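In my numbering, the protein residues as written are 27 to 334. Note sheet for the following structure.
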């Protein structure tokens, strides 16, 4: 019907300036997935990009409670100005939260994959569009790889991890709290082997809360390096060298797994596509600056990839 101690914790759970008008359409894909289609009228059959958001209760604009930066909206609008259509959607957590208390134990990583596949399938045979691309950001990078396989004409990963979830978090802990590294590794190994981790340190309690262990377990079943190899379509991997959440080395792992993919590191771009020339304080503040634009280099690179 049409009408970031660890960033990973977020995964579980109106402006006053003049705005340009964009031709848009509200579309309900499933009872839990609703989004916005931006459809430029500069050409008869523009390419379409399905944009899949990062972890947590992220809305279609790239915002969540206490964090408004409009990264996804600005990206979509930048593509619109390049003659590229886009569909971005609220993660199912948005509607679930609106309906009442969230049962974290009932949420699986596979649900996000199912939603992305539903969206991609919805647009697969839409005659309004010449080609269909999937773009995944952060957590959405892995989701998008899986959804794009067999359905899309191309795939774009922005700030995506190249390691399995447990390996990436253990690396973060090794960098930030090295004394917890061994316990974290053992706890993840227990979770992977038994579906539950029980002997974790108090310092890791926020990561291994029992209610979110099922979600972590379901996410750990997927290896980004294995999934990206499966793609038999053009692939573009983009990282930012000011990303506080996902290090550039993660993108290098993806590129090593898929060496034929295009790979770019954008200087001064942070995790939410904003230009950061200062320190980490500026970087962190940008997460709640609703009018800071995304970097034009990102939009230009994506546009060039789609149109080449």
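Ideal placement from N, C-alpha and C gives every residue a C-beta, glycine not left out. No experiment lies behind these values; they were computed from the predicted model shown.
Residues in its own chain within less than 6 Å of residue i by CB, not counting five upstream and five downstream?
{"i": "residue 331", "result": "262"}
{"i": "residue 144", "result": "55, 56"}
{"i": "residue 254", "result": "171, 280, 283, 284"}
{"i": "residue 333", "result": "none"}
{"i": "residue 46", "result": "none"}
Taking 8 Å as the cut-off, decide whether the C-beta atoms of residue i and residue j are in contact.
{"i": "residue 77", "j": "residue 49", "result": "no"}
{"i": "residue 161", "j": "residue 182", "result": "yes"}
{"i": "residue 206", "j": "residue 251", "result": "no"}
{"i": "residue 154", "j": "residue 59", "result": "no"}
{"i": "residue 202", "j": "residue 223", "result": "no"}
{"i": "residue 80", "j": "residue 198", "result": "no"}
{"i": "residue 221", "j": "residue 241", "result": "no"}
{"i": "residue 300", "j": "residue 320", "result": "yes"}
{"i": "residue 142", "j": "residue 169", "result": "yes"}
{"i": "residue 61", "j": "residue 135", "result": "no"}
{"i": "residue 294", "j": "residue 268", "result": "yes"}
Taking DSSP's pairing of strands, which residues face residue i in a bridge?
{"i": "residue 288", "result": "262"}
{"i": "residue 159", "result": "75, 180"}
{"i": "residue 140", "result": "Residue 140 is not bridged to any residue."}
{"i": "residue 301", "result": "295"}
Short of 7 Å in beta carbon distance, which residues of its chain neighbour residue i, apart from the five on each side in sequence? Order them along the chain.
{"i": "residue 315", "result": "95"}
{"i": "residue 313", "result": "30, 93, 95, 298"}
{"i": "residue 148", "result": "55"}
{"i": "residue 137", "result": "118"}
{"i": "residue 85", "result": "116, 120"}
{"i": "residue 36", "result": "Annotation note: pLDDT 43 at residue 36 (below 50); position unreliable, coordinate value reported separately. Hits under 7 Å: 81, 82."}
{"i": "residue 72", "result": "66, 109, 110, 111, 155, 156"}
{"i": "residue 326", "result": "none"}
{"i": "residue 290", "result": "264, 327"}
Kindly give me the distance between the Cβ atoms of residue i and residue j, rounded to whole angstroms, as I take these residues to be in contact under 8 Å.
{"i": "residue 190", "j": "residue 246", "result": "6 Å"}
{"i": "residue 266", "j": "residue 296", "result": "6 Å"}
{"i": "residue 225", "j": "residue 216", "result": "7 Å"}
{"i": "residue 187", "j": "residue 194", "result": "5 Å"}
Leaving aside the five residues before and after residue i along the sequence, list all residues of the same chain whose C-beta is less than 8 Å from its C-beta, in chain order.
{"i": "residue 259", "result": "174, 178, 179, 180, 181"}
{"i": "residue 200", "result": "207"}
{"i": "residue 218", "result": "192, 243, 246"}
{"i": "residue 288", "result": "260, 261, 262, 263, 331"}
{"i": "residue 103", "result": "46, 48, 64"}
Practice prompt. Could I get the ranges of all uninterrupted alpha helix (DSSP H) runs contained in the stretch 51-124, with 4 residues as the minimum, in chain order?
Written response: 97-106, 118-124
Fill in: Whole alpha helix (DSSP H) elements within the stretch 222-258, 4-residue minimum
239-245, 250-255
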